[in-house]
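Heads up: the sequence shown is residues 48 to 194, going by this note's numbering. Report on one structure; see the data block that follows.
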Amino acid sequence: MPYEHILVAVDLTEECDPVIKRAREIATAQGAKLSMVHIVEPMAMAFGGDVPMDLSQLQQQQFDQAKERLDRLINKYPELTKEYCHLTYGQPRQEIHSLAKEHECDLIVVGSHGRHGLALLLGSTANDVLHGAPCDVLAVRLMKKGE
Ligand code: AMP
48 MPYEHILVAV DLTEECDPVI KRAREIATAQ GAKLSMVHIV EPMAMAFGGD VPMDLSQLQQ
108 QQFDQAKERL DRLINKYPEL TKEYCHLTYG QPRQEIHSLA KEHECDLIVV GSHGRHGLAL
168 LLGSTANDVL HGAPCDVLAV RLMKKGE
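The structure is reproduced here in structure tokens:
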């Protein structure tokens, strides 16, 4: 059964190119629709929810910056249309899962660093997304320089 709707999750770093390219290849080969998502994590969440200052302005800047980067990607990859590109606040795993369910995606594509040692204990978004995913998940191996 070919995939019908692929959701590619991007962290908006330069590493998202190989992830988008892989998702695009599969979408083109299987005639699937391609959606993209980036999740902006609330700053209070990153600081453990206990910050004695107003982060709303910083948070807005972070969101605007993410929007700019996402728009640049949309311009770079003509297969991606604004209509199918999402920018939301929240926790990546939760938001990626609920978006995949809402839009009936049958494949989620994420990048994976193939961590080991201490970094493995800290976990990764790819691992996180895999657990309890509502559909198939493809982890695209991201190479470090020199690998
Ligand atoms: P990481 O575990 O943070 O190195 O991220 C691995 C992969 O998870 C990235 O290549 C993206 O596919 C995905 N990812 C990480 N952070 C986000 C985010 N904030 N929004 C969407 N996808 C993300």
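Cβ coordinates follow ideal geometry from the N, Cα and C atoms, glycine included.
Item: For LEU120, the nearest candidate out of HIS133, GLN109 and GLN108 (CA to CA); Value: HIS133
Item: Bridge-paired residues (DSSP) for HIS85; Value: LEU134
Item: Cβ-Cβ distance between SER145 and HIS160 below 8 Å; Value: no
Item: Close Cβ partners of LEU177 (< 6 Å) along its chain, the five nearest in sequence each way excluded; Value: VAL184
Item: Limits of the beta strand (DSSP E) - the one that LEU54 falls within; Value: 52–56
Item: Contact test: SER82 Cβ vs the ligand AMP heavy atom, cutoff 7 Å; Value: no
Item: C-alpha gap between GLU115 and HIS85, whole angstroms; Value: 12 Å
Item: For ASP183, the first and last residue of its enclosing beta strand (DSSP E); Value: 183–188
Item: For LEU117, the three-state DSSP class (helix, strand or coil); Value: helix
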